[in-house]
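S.K.: Note that my numbering gives residue 56 to position 44 of the sequence shown, counting from 1, and the numbers run on in steps of one. Glycine included, each C-beta is placed from N, C-alpha and C at the ideal position. Quick caveat, the model's predicted, so the values are computed rather than measured. First the structure, which I've put down as structure tokens, then a few questions once you've had a look.
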Amino acid sequence: MQGKLGAPRPARAELGPLRVVQVSGRRERNVFLRFPWQIYGDDPNWVPPLLWERKAFIDPRKHPFYHHGSAVQYLAYRGHEAAGRILVSDDPRYNQEHGTNLGCFGMFESVDDPAVAAALLEAAACWLRSRGRDAMMGPIDYSTNYACGLLIEGFSTPPRVLMNHNPPYYAGLLEGWGLVKAKDLYSWWFDDAYNMLRRWKRRAQRLAERGNISVRQFRIDDLDGEVRRSKAIYNGAWERNWGFVKMTDAEFDYLVKELAELALPELLLLAEIDGKPVGFSMTLPDFNEAIRPLDGRLFRWGLPLGWFEFKRNCRRIQTARLLILGVLEGYRRRGIAELLILRTLDYGKNVAHYTGAELGWTLEDNELINRTIRAVGGHPYKTYRIYQRTI
């Protein structure tokens with residue numbers, strides 16, 4: 013069977029010599045970007061990424077990660093056929109904040125061939141060793157502020173916006189090279205099957221009144237100010253979390269302003285106590301539903317035909333993803349996280365009429381937030397794993 017771009021089904025490549033090359037030109041970059049079609053052509057849950065967005069993501073001239081970090085991409089070939097890809101990155105800020113000496117690999121894709129996977133991972137490790145690093149962690153695209161984690165449970169449903177998806181055999185390829193579990197990440201699903209919104213309504217009112225807590229949506233006419241306030245919460249709320257590295261001003265502005273243009277203002281929320289911002293949440297419609305039919309293309313024959321289709325598809329989106337939820341230390345256990353979640357669910361269910369929503373991801377050992385999510389009706393439905401190994 014052929015994939016959408018005419019690529020064959022992924023299979024273990026037995027013919028032709030195996031070689032790994034660093035991506036250095038336009039042709040190799042295009043092969044790198046289009047390689048996933050070779051792996052996922054038959055996967056009904058895969059969402060083809062937008063090629064222009066992926067191109068910008070790895071472009072040192074456009075992505076703010078490269079203001080302080082470095083990264084390169086590699087391709088593996090069997091004979092003349094591409095067989096795999098990998099991105100490897102070095103973030104000095106992460107090592108400085110955590111007292112570590114490691115780098116990350118991400119954007120990993122491979123045919124079902126342990127030799128191909130091992131060659132890609134060894135190329136990534138060699139690049140990091142040349143920079144003085146002694147360990148590698150991933151899959152992580154630059155940092156945990158971006159897409160990260162290998163899907164190990166929950167293959168039967170599609171990935172939500174900005175989340176990873178991969179075949180089940182990838183875990184065996186990574187573990188076969190000696191990578192071991194560093195941390196699991198949970199994604200949670202809400203569909204309010206037990207009408208938790210109604211059951212929590214009075215309790216939420218009491219929490220808000222007792223703590224003098226107010227929850228409001230972003231003021232779009234003061235977007236710069238809202239970005240500044242949410243950035244302070246974001247970097248403060250997660251600074252002690254495993255694997256977290258503070259976003260630079262350039263990274264946060266790039267991410268939030270880009271997403272805010274597509275988000276619904278009603279789902280960009282700040283929680284305040286006596287006017288002080290102490291909590292922040294960002295929920296996006298699941299744009300993957302609108303992206304999937306485009307097969308990676310916004311432009312055809314030089315015209316923005318895919319963009320028009322995308323905007324039309326956005327009106328039919330049925331689910332959402334709550335991708336950022338943080339409360340400053342010192343203000344936790346006061347019901348602020350619950351209020352942000354419930355405000356989001358109320359709008360999503362009763363105004364936007366979504367049939368369900370994902371909250372993710374959370375660390376497996378973050379008992380406080382995981383208990384909170386369970387209490388308001390979420391249940392874990394996908395698990396992602398981050399691996400590590402000394403090199």
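(1) With DSSP as the reference, please indicate the residues paired to H110 in a beta bridge.
(2) Could you name each continuous alpha helix (DSSP H) segment of 4 residues or more that falls completely within the region 227-278, going from the start of the chain to the end?
(3) Hey, would you say W254 sits closer than 8 Å to K195, going by beta carbons?
(4) DSSP three-state label for S293, please.
(5) Please report the distance separating the alpha-carbon of N207 from that of E93.
(6) Tell me where the beta strand (DSSP E) around F202 begins and ends.
(7) Express the C-alpha separation of M119 and F276 in angstroms, rounding to a whole number.
(8) Between which residues of its own chain and E187 is the CB-CB distance below 8 Å, once the five residues before and five after are set aside?
(9) Could you give the distance in angstroms between the alpha-carbon of N325 and the alpha-carbon of A302?
(10) Return the chain-ordered list of same chain residues with a C-beta closer than 6 Å to the C-beta of K243, the five sequence neighbours on each side being excluded.
(11) For I232, is the classification buried or exposed, using 16 other Cβ atoms within 10 angstroms of its Cβ as the cut-off for buried?
(12) Mark C116 as exposed unless 16 or more other C-beta atoms lie within 10 angstroms of its C-beta, in which case mark it buried.
(13) Measure the CB-CB distance between I329 and D298 and report whether it falls below 8 Å.
(14) Cutting at 8 Å between CB atoms, please list the residues of its own chain near F311, excluding the five before and the five after it.
(15) With distances taken from CA atoms, which of T395, L357, F77 and L380 is nearest G372?
(16) Contact between the region 118-133 and the region 382-394: three or more CB pairs below 8 Å?
(17) Is the CB-CB distance between S155 and D103 below 8 Å?
(18) Could you give the residue range of the alpha helix (DSSP H) that holds K67?
(19) Which residues bound the alpha helix (DSSP H) around M175?
(20) With distance defined between alpha-carbon atoms, name the residue in R345, N157, P126 and L87 nearest to K258.
(21) Closest by CA to N247, which one among L340, Y182 and R145?
(22) From the DSSP output, in three-state form, read off I336 for me.
(23) For a test of the three-state rule: what should DSSP assign to R143, helix, strand or coil?
(24) Rounding to the nearest angstrom, what Cα-Cα distance links V32 and M175 in this structure?
(25) Tell me the DSSP secondary structure of I152 in three-state form.
(26) Taking DSSP as the reference, what is the three-state secondary structure of P392?
(27) With DSSP run on the structure shown, which of helix, strand or coil describes A364?
(28) Would you list the one or two residues that DSSP bridges to L282?
(29) From N224 to Q108, what distance separates their C-alpha atoms?
M.R.: Quick look at the numbers:
(1) For the purposes of this step, residue 110 is taken as the residue at position 98 of the sequence shown. None, per the DSSP bridge assignment.
(2) Contiguous alpha helix (DSSP H) elements confined to the region 227-278 occur at 235-250 and 261-272, taking only those with 4 or more residues.
(3) Walking along the sequence shown from the start, residue 254 turns up at place 242. Walking along the sequence shown from the start, residue 195 turns up at place 183. By the CB criterion at 8 Å, W254 and K195 fall inside the cutoff.
(4) By one-based count along the sequence shown, residue 293 stands at place 281. Note: S293 maps to strand in three-state DSSP.
(5) One-based indexing of the sequence shown puts residue 207 at position 195. One-based indexing of the sequence shown puts residue 93 at position 81. Cα to Cα, N207 sits roughly 52 Å from E93.
(6) Indexing the sequence shown from 1 puts residue 202 at position 190. Taken as a continuous stretch (DSSP letters only), the beta strand (DSSP E) holding F202 covers V192 to F202.
(7) Taking the sequence shown and counting its residues from 1, one reaches residue 276 at position 264. Taking the sequence shown and counting its residues from 1, one reaches residue 119 at position 107. Note on identity: in this sequence residue 276 is Leu, with Phe being the wrong assignment. Between the alpha carbons of L276 and M119 lies a distance of about 29 Å.
(8) Within the sequence shown, numbered from 1, the residue matching residue 187 stands at position 175. Around E187: Y399.
(9) Along the sequence shown, read from residue 1 onward, the residue named residue 325 stands at position 313. Along the sequence shown, read from residue 1 onward, the residue named residue 302 stands at position 290. Going from the Cα of N325 to the Cα of A302 covers about 5 Å.
(10) Counted from its first residue, the sequence shown places residue 243 at position 231. F264, listed in sequence order.
(11) The residue labelled residue 232 in the question sits at position 220 within the sequence shown. Burial check for I232: the Cβ neighbour count within 10 Å stays below 16, so the residue is exposed.
(12) Position 104 of the sequence shown, counted from the start, is the residue given in the question as residue 116. Around the beta-carbon of C116, 16 or more other beta-carbon atoms lie within 10 Å, marking it buried.
(13) What you label residue 329 is simply residue 317 of the sequence shown in a count that begins at 1. What you label residue 298 is simply residue 286 of the sequence shown in a count that begins at 1. Yes, the pair counts as a contact, with Cβ atoms nearer than the cut-off.
(14) Within the sequence shown, the letter at position 299 stands for residue 311. The beta carbon of F311 sits closer than 8 Å to those of W64, L317, G318 and W319, all from its chain and outside the five residues before and after it, given in chain order.
(15) The count along the sequence shown starts at 1 and reaches residue 372 at position 360. Cα-wise, what sits closest to G372 is T395.
(16) The answer is no - the region 382-394 does not touch the region 118-133, with fewer than three Cβ pairs under 8 Å.
(17) Numbered from 1 along the sequence shown, position 143 holds the residue referred to as residue 155. Numbered from 1 along the sequence shown, position 91 holds the residue referred to as residue 103. Yes. Within cutoff.
(18) Within the sequence shown, numbered from 1, the residue matching residue 67 stands at position 55. Judged by DSSP secondary structure, K67 falls within the alpha helix (DSSP H) whose first and last residues are L63 to F69.
(19) Along the sequence shown, read from residue 1 onward, the residue named residue 175 stands at position 163. Taken as a continuous stretch (DSSP letters only), M175 belongs to no alpha helix (DSSP H), as it is neither H nor E.
(20) Looking up residue 258 in the sequence shown gives position 246. For the residues R345, N157, P126 and L87, the minimum Cα distance to K258 belongs to N157.
(21) Here residue 247 refers to the residue found at position 235 of the sequence shown. For the residues L340, Y182 and R145, the minimum Cα distance to N247 belongs to L340.
(22) Here residue 336 refers to the residue found at position 324 when the sequence shown is read from its first residue. Here I336 sits in strand by DSSP.
(23) Indexing the sequence shown from 1 puts residue 143 at position 131. Coil, per DSSP.
(24) Translated into the one-based positions of the sequence shown, residue 32 becomes position 20. Translated into the one-based positions of the sequence shown, residue 175 becomes position 163. Their Cα atoms are separated by approximately 27 Å.
(25) Looking up residue 152 in the sequence shown gives position 140. The answer is strand: DSSP assigns I152 an E or B state.
(26) To locate residue 392, count along the sequence shown from 1; it is residue 380. Strand.
(27) Sequence index remark: in the sequence shown, residue 364 carries index 352 (1-based). Coil at A364, not helix or strand.
(28) The residue you call residue 282 lines up with position 270 of the sequence shown. L282 pairs with R228 and F292.
(29) Residue mapping note: residue 224 aligns to position 212 of the sequence shown, counting from 1. Residue mapping note: residue 108 aligns to position 96 of the sequence shown, counting from 1. Their Cα atoms are separated by approximately 38 Å.
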